[in-house]
Amino acid sequence: MDDLHDADCGCQEYNELSRRQFLAASAGVSAAALFPAWLPKIVMSNNYASGRDIIVSVFMRGGADGLSLAVPFADANYYASRSTIAIPQPDSSASTHGINLDGFFMFPQAMAGGAAGTGGLMPAFVAQDLLIVHATGQLYVSRSHFDAQRYMEVGKPVDPALVTGWLGRHLASIPPLKPDAPLRGIGVANGLQKTLVGGPKTLPIASPANYSIGGSTATQPQRLAFLDADYANADEPVRSAALAATDTVALLKSVNFAGYAPANGAVYPTSSFGRALQSVAVLIKNDVGIEAAQVDLGGWDTHSAQDPLAGSMFNTMRDFSNSIGAFYADVIAMGYNVTLVAISEFGRNVRENGSRGTDHGRGSVMFALGKGIAGGRVLTKNWPGLARENLEAGQDLRVTVDYRDILAEIVQNRLANPNLGFVFPDWTPTMLGVTR
Amino acid sequence: MRTMTRVGSKAQRPESAADAGQEVRPDPTPRRSFVFLGALAVSALIPRAARAQRVARRRAAPAGHAEDANALVPRESIAAFTEWDSSVTRLVRRATLGITAGEVQHASSLGYQGYLNYQLNYARIDDSAVESFVQQKWPLMSQTSDQLFSADAGQVRTQLQESTIYRAAFSQRQLYHRMVEFWSDHFNQDVDKVGYLLVADQRDVIRAHALGKFPDLLKASAHSASMLVYLDQNASRSVAPNQNYARELMELHTLGVDGGYTQNDVAELSRVLTGWTVQGRGNFVFNPAIHDWGSKTVLGVTIPAGSPAVGADGIKEGEQILDMLVHHPSTARFIATKLLRWLLTATPSDTQIGAIASVYRATGGDIKAMVRAILNDSWLPAAPMKLKRPFHYLVSSVRSAGPSVSSVTPLNGQLGVLGQSLFSWDTPDGYPDKIEYWAGNIVPRWSFGTTMSNYNSATTIQVDTTPYRAGSPDAAIDLIDQNFYGGEMPLATRSGLSSYLKAGTFNDTRVRETIALAIAANAFQWY
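If you're matching them up, the sequences are chains A and B in order. With this note's numbering, the residue at position 339 of the first sequence is 319, and numbering never jumps. Quick note, this note's numbering runs 4 ahead of the 1-based positions in the second sequence.
What follows is the structure in structure tokens.
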């Protein structure tokens, strides 16, 4: 696509955006639906193309209970509201006691690698590379999983015309880290997560280690040539995906996934979440040009059997913290320019229900990890507390920090993308000192 | 290419764009009406000939005509291939899980309306061969929950998945199985959570009512142990009700998220439903001992306080609300919209939604009547194409390739690789039917084409290439066209396949590779 040169801009990615826009229109997909007509003039200069972070975005699907992930043990109302599923205080003699973070919040053992509190996410917290934001979420009130997830992934509530995701728009509004990278964004999933929709050269790849069209090696080039030609006239978004796919098949063939040895003694859990993060680590270390990865972890919709000391919530938290802990040791602690964020669509009721679970609530936690993150603390803004009179609708932890404030600061300062108005339309972020 | 870039740049960067970082705020109202107009235009207003012309021009000359294919065309409205010019073949594509030469022939002999009636009156289609194969091959599927309680959980899951694939591929009741797929998503459950209970749900709720009356279907689901366990209703008690089922009952099963209920309605309905639970090995019961007898108000209707002395009749409170939900105008619109999206277009017009919702109201939620109204011979031939989901893609490959099948195990594994392992979507909204979700998942499809065409085992799956090799290479391409594309393979694909076949030795291997490419080709991804 060398001839796609735009004299007005002179930068390739700008043209990539233009080309996609055009292809979308010509192929019958509403261009306006992919990229709004009011698209502001995007700043594209190459001087921040290097040294910026790769982002790994984790969605905790199902509405993760922030009050179990980072427990406000110093708030007496926590214990009053959770008669059967509360976690004992750090100085409790109970074997299931929590692990102190800052004298007010604590991790359950499942988040900190066990009773000693030296594993899971604890090393990242101690090294001040992990920031926990509490009483956060989205200001717009929705207790529907599907609406709340969509609004968060799109980066704006209730706008049926906006169908791209915030991370897709980030990629679309910044030059590639590597100019010829065939794959800039990856959703480690069977289908592309909403967060990444609209990203150029962005594909869902559930298993990067097994990405091939199969069949005889001898005829593979001819067969790929047929497919390339056949999909050249396909409708968007299939056309772009197919073209990116043929390039990506060649790219991933050159990466040795099977022989990968994590650094720093890191051990990824064998769960699908652990394997997904390990795949992302391999791609980052092979310097293939990946700039954004979206990885999901489900299992947070704990209407019942939420016991944080055993069972499904316990296992999900352990998978979450051990997988991210391994990724931290293997990649972030080794000095790679990577920021990882983890969010959920909402938190859960402060009071437990009758089935040792909790129903859909509001405020929850967010996590941000990276060498450029001002971590080692739990960030709150006017912590509302758990007293009944301070709860939203008398039942939920309030949302005091909109998730976009956290993401926007990372997009601007760690991903070096100044186009915040494009990534988060109609939102003026408040910078809270998330980054160093 | 130069022209293309300039047009694109202009389109995406308005003259009035503000400086860096400052956004130009949109006025959302005109854009929404744009999209709406677009939907109307594609589905109803543009004459067929003009539409075909536009498609032809777009496909032939992608550069330099950006102004033609403007933003009036809504997202996910993708005009069908010009080669797809037979209405009755379009109906076969839409009403089945995949073309076979025989099905197209049969439909053509019955005519559009005749074939639609044939598929809708599914009970008259003899399916005994398929059913007896299922009974013999997957015996757990005929068992009751009480019997299944002690069965191996992995076996139950496998038999459920495999028998579903087999029925979808080989049942003559194709439209019925398209609706089974639809309702399995509408009332989605994850087999990981509900286990053996799902067998009875699939049999007594989904398959029993897939083309019946929606109120019967909804009420059967509300009495299904599997559904109540999946959405934690079995764990709800008066002292602290669990809101999971109450919420999804309104959000996903009846009214829709914008159907006019509030968080308070969710809380109140969860109180009404306390006592709806599961006992023993998957038996639905109403347990008065855990029912909340206080007064409740759901959607403006007040249920007065009762007393435990009412006992088993306390279930009537919930039944009253279920009745109210199935007769609610939001439910009629919500079900109409979802059915239109499934069968016709991702972007149904307000007129279409209104028309089908009124069929719902006039017929008491008769699913067959709504499906008949949607698949009419003026809407469907003008409808955009839809992208097959992995299940549909896999099943359609099997149908078109027409192999002999004695085991579905390899196919079940492949469906997992393709990304749609059955009954494994863990959230209650069901597998997405969105093009932007599945479009990027293309390499596994290409790989599956190769796997499918290479099945050659008498004990599992066998694709016989003899008929393709009986004549000339051109005759082989003709046969592929008939079997996989109903004789409407796009010309560009046809010429590409023909070149590929002729570039090698005309033998079993080359024919299988060509079939693999016919399955992997773009046009085979759509219906």
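Heads up, the beta-carbon is just placed ideally off N, CA and C, and yes, glycines get one too. Treat the numbers as computed from the prediction; the structure is a model and nothing was measured.
Along the chain, where does the beta strand (DSSP E) containing L349/A start, and where does it finish?
S344 to L349
Would you mind telling me which residues of chain A sit closer than 7 Å to P352/B, beta carbon to beta carbon, in chain order?
Going along chain A, no residue has its Cβ under 7 Å from P352/B, so there is no contact; the nearest lies around 14 Å.
Kindly indicate the opening and closing residues of the alpha helix (DSSP H) around R376/B.
I371 to I378
Spatially closest choice to G444/B from K174/A, Y240/A and P249/A, by CA coordinates:
K174/A
Neighbour flag for N445/B against chain A, beta carbons, 9 Å
yes
So the candidates are G278/A, A388/A and T415/A; which of them puts its Cα closest to the Cα of M40/A?
G278/A
If we cut at 9 Å on Cβ distances, does I154/A have a partner in chain B?
no
Short of 6 Å in beta carbon distance, which residues of its chain neighbour R161/B, apart from the five on each side in sequence? Order them along the chain.
V195
Provide the residue span of the alpha helix (DSSP H) that contains P448/B, from first to last.
V447 to S457
Cut-off 7 Å between Cβ atoms - residues of its own chain near E135/B, not counting five sequence neighbours on either side
none
Kindly indicate the opening and closing residues of the alpha helix (DSSP H) around G278/A.
Premise fails: G278/A is in no alpha helix (DSSP H) and is neither H nor E.
What is the residue span of the beta strand (DSSP E) that L359/A lies within?
R357 to L359
Taking three-plus beta-carbon pairs below 8 Å as touching, is the stretch 477 to 485 of chain B in contact with the stretch 445 to 464 of chain B?
no
Check this for me: beta carbons of L163/A and L183/A, under 9 Å apart or not?
yes
Name the chain B residues whose beta carbon is nearer than 7 Å to that of R203/A?
E517 and L521
I'd like to know if K233/A contacts chain B, where contact means its C-beta is closer than 9 Å to some C-beta of that chain.
no
Who are the Cβ neighbours of A172/B in its own chain at under 6 Å, not counting the five residues just before and after it?
L101, H181 and V399
Let me know the secondary structure DSSP gives I112/A once reduced to three states.
strand
In the DSSP assignment, what residue or residues form a beta bridge with E372/A?
D376/A
Could you have a look at A525/B and say whether DSSP puts it in helix, strand or coil?
coil
Are the beta-carbon atoms belonging to G334/A and N246/B less than 9 Å from one another?
yes
Starting from F338/B and walking both ways along the alpha helix (DSSP H), at which residues does that stretch end?
P333 to L347
Whole-Å CB distance - E271/A paired with L387/A, under 8 Å assumed
Not confirmed; about 15 Å, so no contact.
For a minimum of 4 consecutive residues, which ranges assigned as the alpha helix (DSSP H) are wholly contained in the stretch 256 to 313 of chain B?
267 to 276
Going along chain A in order, which residues have a C-beta closer than 7 Å to the C-beta of P407/B?
The contacting residues do not exist; P407/B stays about 18 Å from chain A at best.
Check whether the stretch 63 to 81 of chain A touches the stretch 304 to 313 of chain A, counting contact only when three or more Cβ pairs, one atom from each stretch, lie closer than 8 Å.
no
In the DSSP output, what is Q466/B paired with across the bridge?
S408/B and N460/B
Can you find a C-beta in chain B that's less than 9 Å from the C-beta of S252/A?
no
Exposed or buried, what is E369/A when buried is set at 16 or more other beta-carbons lying within 10 Å of its beta-carbon?
exposed
So, is N397/A buried or exposed, given that buried needs 16 or more other C-beta atoms within 10 angstroms?
buried
Can a CB atom of chain A be found closer than 9 Å to the CB of I357/B?
no
Neighbouring residues, chain B, relative to N317/A (Cβ below 9 Å):
Result: empty, since nearest Cβ-Cβ is about 23 Å, beyond 9 Å.
Complete alpha helix (DSSP H) runs within the stretch 232 to 305 of chain A (minimum length 4 residues, chain order)
252 to 265
Whole-angstrom distance between Y383/A and N362/A, CA atom to CA atom
15 Å
Assigned exposure category for S503/B - 16 Cβ within 10 Å defines buried
exposed
Starting from the Cα of T408/A, find the closest Cα among K136/A, L81/A, R62/A and H125/A and give me that residue.
K136/A
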